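**Q**
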Amino acid sequence: MPSDAAPGGVVGPEQASRWAWDGTSRWYPRLLTDGVRVERCLDLRLAHRLLRGSAYADASRLARAPTGAFDEAASPLEPTPAASGRAQPVAATLFDVDDDGPGEGLPGPPVDAGGVARPGAAACVDEVALLDEAIAGSTHPGRLRLLVAAESAGALAAAEMHHAGVPWDTAEHDRVLTDLLGARSAGPRSTPEARPERMAALAAQVRAELDAPTLNPDSLPDVLRALRRAGLPATSTRSWELRGLDHPAIEPLLAYKKLSRLHSANGWAWLDRWVVDGRFRPEYVVGGVVTGRWGSSGGGALQLPRQIRSAVRADEGWSLVVADAAQLEPRVLAGLARDERMAAAGNGRDLYQGMVDARVVDERAQAKVGMLGALYGGTTGASAAVLPRIARAFPQALGHVEAAARAGERGEVVTTLLGRSSPRPGAAWAQVQADALDPDASRNAESRARAQTRAWGRFTRNFVVQGTAAEWALCWIAEVRRRLWRLGELDGPPGRAPEPFARRPHLVYFLHDELVVHTPTAWARVVEAEVRAAAAEAGRLLFGGFPVDFPLSVAAGRTYADAKG
DNA sequence: ATGTGGGGCGCG
DNA sequence: AAAGCGCGCCCCACAT
Numbered sequence: 001m002p003s004d005a006a007p008g009g010v011v012g013p014e015q016a017s018r019w020a021w022d023g024t025s026r027w028y029p030r031l032l033t034d035g036v037r038v039e040r041c042l043d044l045r046l047a048h049r050l051l052r053g054s055a056y057a058d059a060s061r062l063a064r065a066p067t068g069a070f071d072e073a074a075s076p077l078e079p080t081p082a083a084s085g086r087a088q089p090v091a092a093t094l095f096d097v098d099d100d101g102p103g104e105g106l107p108g109p110p111v112d113a114g115g116v117a118r119p120g121a122a123a124c125v126d127e128v129a130l131l132d133e134a135i136a137g138s139t140h141p142g143r144l145r146l147l148v149a150a151e152s153a154g155a156l157a158a159a160e161m162h163h164a165g166v167p168w169d170t171a172e173h174d175r176v177l178t179d180l181l182g183a184r185s186a187g188p189r190s191t192p193e194a195r196p197e198r199m200a201a202l203a204a205q206v207r208a209e210l211d212a213p214t215l216n217p218d219s220l221p222d223v224l225r226a227l228r229r230a231g232l233p234a235t236s237t238r239s240w241e242l243r244g245l246d247h248p249a250i251e252p253l254l255a256y257k258k259l260s261r262l263h264s265a266n267g268w269a270w271l272d273r274w275v276v277d278g279r280f281r282p283e284y285v286v287g288g289v290v291t292g293r294w295g296s297s298g299g300g301a302l303q304l305p306r307q308i309r310s311a312v313r314a315d316e317g318w319s320l321v322v323a324d325a326a327q328l329e330p331r332v333l334a335g336l337a338r339d340e341r342m343a344a345a346g347n348g349r350d351l352y353q354g355m356v357d358a359r360v361v362d363e364r365a366q367a368k369v370g371m372l373g374a375l376y377g378g379t380t381g382a383s384a385a386v387l388p389r390i391a392r393a394f395p396q397a398l399g400h401v402e403a404a405a406r407a408g409e410r411g412e413v414v415t416t417l418l419g420r421s422s423p424r425p426g427a428a429w430a431q432v433q434a435d436a437l438d439p440d441a442s443r444n445a446e447s448r449a450r451a452q453t454r455a456w457g458r459f460t461r462n463f464v465v466q467g468t469a470a471e472w473a474l475c476w477i478a479e480v481r482r483r484l485w486r487l488g489e490l491d492g493p494p495g496r497a498p499e500p501f502a503r504r505p506h507l508v509y510f511l512h513d514e515l516v517v518h519t520p521t522a523w524a525r526v527v528e529a530e531v532r533a534a535a536a537e538a539g540r541l542l543f544g545g546f547p548v549d550f551p552l553s554v555a556a557g558r559t560y561a562d563a564k565g
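All letters in the first sequence, in the order written, are residues 1 to 565 by the UniProt record's numbering.
1. On the three-state DSSP scale, how would you describe E262?
2. Between the alpha carbons of G53 and R558, how many angstroms are there, rounded?
3. Helix or strand or just coil, what does DSSP make of residue 575?
4. Count the C-beta pairs between the region 388-398 and the region 14-33 that are closer than 8 Å, then say yes if the count reaches three, no if not.
5. Grab me the residues of A561's own chain with a C-beta within less than 8 Å of its C-beta, minus the 5 sequence neighbours each way, in chain order.
6. How close, in whole Å, do the beta carbons of G377 and G317 come, if the pair is a contact with beta carbons under 8 Å?
7. For the alpha helix (DSSP H) containing W27, list its first residue and its last residue.
8. By the DSSP assignment, the beta strand (DSSP E) with P388 in it spans what residues?
9. Taking the alpha carbon of S239 as the reference point, which residue from G545, E329, A186 and P252 has its own alpha carbon closest?
10. Can you find the residues in the same chain that come closer than 6 Å, C-beta to C-beta, to P551, ignoring five residues on each side of it along the sequence?
11. Over the uninterrupted alpha helix (DSSP H) stretch that includes T519, give me the two end residues.
12. Tell me, please, which residues DSSP counts as bridged to G295.
13. Compare the C-alpha of R486 against each of T453, V526 and G411 and name the closest.
14. To the nearest angstrom, how far is it from the Cα of G354 to the Cα of G68?
15. So A153 and A478 are in contact, right, with Cβ under 8 Å, and what is the actual spacing, rounded?
16. Does the Cβ-Cβ distance between L511 and V480 come in under 9 Å?
17. Tell me the DSSP secondary structure of D179 in three-state form.
18. Which residues does DSSP list as the beta-bridge partners of T559?
19. DSSP state of residue 616, grouped into three classes?
20. Using DSSP with H/G/I as helix, E/B as strand and the rest coil, what is L215?
21. So, are the CB atoms of P176 and F280 less than 9 Å apart?
22. Under the assumption that L336 contacts L417 (Cβ atoms under 8 Å), give the Cβ distance between them as a whole number of angstroms.
23. Leaving aside the five residues before and after Q396 along the sequence, list all residues of the same chain whose C-beta is less than 6 Å from its C-beta, in chain order.
24. If we ignore side chains and look at the alpha-carbon of each, how far apart do L490 and D174 end up?
25. Terminal residues of the continuous alpha helix (DSSP H) containing W472?
26. With contact counted as at least three CB pairs below 8 Å, one residue from each stretch, are the region 401-409 and the region 444-464 in contact?
27. For the ligand NAP, is there any heavy atom lying closer than 8 Å to the beta carbon of D549?
28. List the endpoints of the continuous beta strand (DSSP E) containing A323.
29. Quick check on the DSSP output: the alpha helix (DSSP H) that includes W270 runs from which residue to which?
30. Which same chain residues end up closer than 7 Å to M161 when comparing Cβ atoms and leaving out the 5 residues on each side of it in sequence?
31. Who are the Cβ neighbours of A150 in its own chain at under 6 Å, not counting the five residues just before and after it?
32. By how many angstroms is the C-alpha of V322 removed from the C-alpha of V554?
33. According to the neighbour-count rule (16 or more other Cβ atoms, all chains shown, within 10 Å of its Cβ), is T460 buried or exposed?
34. To the nearest whole angstrom, what separates the beta carbons of L210 and A230, a pair I think is in contact under 8 Å?
35. Output the boundary residues of the beta strand (DSSP E) element that contains A20.
36. On the premise that D315 lies in contact with G545, defined as a C-beta separation below 8 Å, what is that separation, rounded to the nearest angstrom?
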């Protein structure tokens, strides 16, 4: 169906229809371009990938099915040829569903299978049945339904954030760059002359101090050679290693590297390429990370350095509400492991401070570093030193991640709360293990195998926590999205945000445990309350009545930097 | 010329 | 101060 026949009557919040399509990123952008917002969907590709890999559904027909169209990543549709002035046919299939909440049921039979489908409307219908069967026959149907619904809702949110864009103050960005880097150079790109003023000056200083007139400070071998020639025991050019060296070239070199990073990653070239009409529009890749976190492609959306966050600026009369979940991963672990003492330490307060108050550790910093060590599998330094105290205080929680690590070391699969399973180690992994078992194996082969085993254990240890935290975050963003839309439209003139968000608070940025809402300033307090309520709801969806809470730090401001305080 | 891999560093 | 997890992107060096 052409986009002007897009589902006018089926997308309002009072409607209960759900799109089932082979890729939200493929179909939703053009609906949004037409100002159409979809309340709910089932993303068949995302669901397929999740369910096929889930240990909860490993006995399903789906788990044994040969790979097919739904195993590949969704490719975006070709842009509509401008000349035709018409949208391509929509291949998604519309299903009628009961008015149940997310996770309470997959769509029923199709009532409208319109248009040309790739992989085909009929294939979509079959796929829905296959997925439904896999869920129904799984060990945890409720969890998998929730996961599929949350992942699909996340895909909608991701497309909407791309559509709305992050409001960007180009002049402020330019000011920051000029401030730090000095005047922009007029020299041709990819030549030393292209370096901004301050970078060029620092480069000259480094060359002088190292007596290396042609040194390129961007070249590792160059820098290493020059440092060695100056009698310094450098083995790399990592900042923290350089910091330990005593030589007049070090300070300008470190300063150069810092500026160079800003210039190359988020400098004027980035601004020209990624900010259009005052909006930064990154591509989010839902489920792009093994653990279920989102990835991004283009513009480094998930690595916006603090230095330039003052350039993220709400439109006139609008504000940014920035919320982040405090100590999300340890709290998720407390819920996952049903560790009541650990949950209690974080109840209504900073979890790390709670650990000090409960005399688990002496200082907040110890709590933080020790907890990170527990989550990541740290074995050295200050982290390892406090780990035993944390293990004594929270045996349930620590036992949970230890068990995940041991399973990984045995080459087994581990699974998040809602059912995302870790990949199995690859063929290379097995080969290294086999080599070590060979009677003639060298010391080297054995230690390589041991190191690899431990590394995979650290991966699976972290997987269950990071992955479940990602599930909490998906539920959070899905709830926020739903609640914001329910607030309705503000009276008065539309803002600069594109329809359908011109008069509505809307999500513009998401970063693992943090989100940003762009809202008319008059609504900032309301938005804040909704974002908090959504976090509480996410906790209930994952952990039911288990008493673990998820406090947020929330602030409103004109810029991202202001709101972060 | 173009692709690939590693070092390095930004984010959580 | 980093380490222990997960990413993306830059530059350079080196392969083709």
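We put the CB at the ideal spot given by N, CA and C, even for glycine.
It should be emphasised that the depicted structure is a prediction, and the values quoted were computed from it without experimental measurement.
**A** Based on what the coordinates show:
1. Here residue 262 refers to the residue found at position 262 when the first sequence is read from its first residue. Note that residue 262 corresponds to Leu in the displayed sequence, not to Glu. It is helical.
2. Counting from 1 along the first sequence, the entry for residue 53 is found at position 53. Counting from 1 along the first sequence, the entry for residue 558 is found at position 558. Computed Cα separation, rounded: 43 Å.
3. Nothing about residue 575 can be read from this structure; the chain reaches only from 1 to 565.
4. no
5. For the purposes of this step, residue 561 is identified with residue 561 of the first sequence, where counting begins at 1. Excluding sequence neighbours, A561 sits near R306, R309, S310 and V312.
6. In the first sequence, the residue the question calls residue 377 occupies position 377. In the first sequence, the residue the question calls residue 317 occupies position 317. With 8 Å as the limit, G377 and G317 do not qualify as a contact, their Cβ atoms being about 48 Å apart.
7. Numbered from 1 along the first sequence, position 27 holds the residue referred to as residue 27. Residues T24 to T33.
8. The residue you call residue 388 lines up with position 388 of the first sequence. It is not in any beta strand (DSSP E) - P388 instead sits in the alpha helix (DSSP H) that spans G381 to A393.
9. Within the first sequence, the letter at position 239 stands for residue 239. Closest option to S239, Cα to Cα, is P252.
10. Residue mapping note: residue 551 aligns to position 551 of the first sequence, counting from 1. Same-chain partners within the cutoff: A326.
11. The residue given as residue 519 occupies position 519 in the first sequence. Per DSSP, T519 belongs to no alpha helix (DSSP H); it is in the beta strand (DSSP E), E514 to P520.
12. Here the question's residue 295 lines up with position 295 in the first sequence. Paired residue(s): V285.
13. As a position in the first sequence, residue 486 is number 486, starting the count at 1. The option with the nearest alpha carbon to R486 is V526.
14. Position 354 of the first sequence, counted from the start, is the residue given in the question as residue 354. Position 68 of the first sequence, counted from the start, is the residue given in the question as residue 68. Those two C-alpha atoms are separated by around 50 Å.
15. Counting from 1 along the first sequence, the entry for residue 153 is found at position 153. Counting from 1 along the first sequence, the entry for residue 478 is found at position 478. Indeed they touch by this definition, with Cβ atoms about 4 Å apart.
16. The residue you call residue 511 lines up with position 511 of the first sequence. The residue you call residue 480 lines up with position 480 of the first sequence. It is not a contact, given that the beta carbons lie outside the stated cut-off.
17. Within the first sequence, residue 179 is the residue found at index 179, counting from 1. Note: D179 maps to helix in three-state DSSP.
18. To locate residue 559, count along the first sequence from 1; it is residue 559. Paired residue(s): R313.
19. Nothing can be reported for residue 616, as the shown portion of the chain is limited to 1 through 565.
20. The residue you call residue 215 lines up with position 215 of the first sequence. Residue state, collapsed to three classes: coil.
21. Translated into the one-based positions of the first sequence, residue 176 becomes position 176. Translated into the one-based positions of the first sequence, residue 280 becomes position 280. Going by the sequence as given, residue 176 is Val instead of Pro. Against a cut-off of 9 Å, the Cβ pair of F280 and V176 comes out as no contact.
22. Against the first sequence, residue 336 aligns to sequence position 336. Against the first sequence, residue 417 aligns to sequence position 417. Indeed, because the Cβ distance is near 6 Å, the residues count as touching under 8 Å.
23. Reading the first sequence from its first residue, position 396 is the one you call residue 396. Excluding sequence neighbours, Q396 sits near A337 and D339.
24. By one-based count along the first sequence, residue 490 stands at place 490. By one-based count along the first sequence, residue 174 stands at place 174. Roughly 33 Å between the two C-alpha positions.
25. Start at 1 with the first residue of the first sequence, and residue 472 comes out as number 472. Where W472 is concerned, the enclosing alpha helix (DSSP H) stretches over R443 to R486.
26. yes
27. Summarising the ligand content, the structure contains no ligands, and the ligand NAP is consequently not present.
28. By 1-based counting over the first sequence, the position of residue 323 is 323. That run of the beta strand (DSSP E) goes W318 to A325.
29. Position 270 of the first sequence, counting from 1, holds the residue named residue 270. That run of the alpha helix (DSSP H) goes W268 to W274.
30. Here residue 161 refers to the residue found at position 161 when the first sequence is read from its first residue. Closer than 7 Å at the Cβ level, and outside the excluded window around M161, lie Y284, L507, V508, Y509 and F510.
31. Mapped onto the first sequence, residue 150 falls at position 150. If we look at A150 and ignore the five residues flanking it on each side, its Cβ neighbours are L474, C475 and A478.
32. Translated into the one-based positions of the first sequence, residue 554 becomes position 554. Translated into the one-based positions of the first sequence, residue 322 becomes position 322. Taking the straight line from one Cα to the other gives about 6 Å.
33. To locate residue 460, count along the first sequence from 1; it is residue 460. Looking at its Cβ environment, which holds 16 or more other Cβ atoms inside 10 Å, T460 is buried.
34. The residue you call residue 210 lines up with position 210 of the first sequence. The residue you call residue 230 lines up with position 230 of the first sequence. Sure, about 6 Å apart at Cβ, within 8 Å.
35. Locating residue 20 in the first sequence gives position 20, counting from the first residue. Taken as a continuous stretch (DSSP letters only), the beta strand (DSSP E) holding A20 covers R18 to W21.
36. Sequence index remark: in the first sequence, residue 545 carries index 545 (1-based). Sequence index remark: in the first sequence, residue 315 carries index 315 (1-based). With 8 Å as the limit, G545 and D315 do not qualify as a contact, their Cβ atoms being about 41 Å apart.
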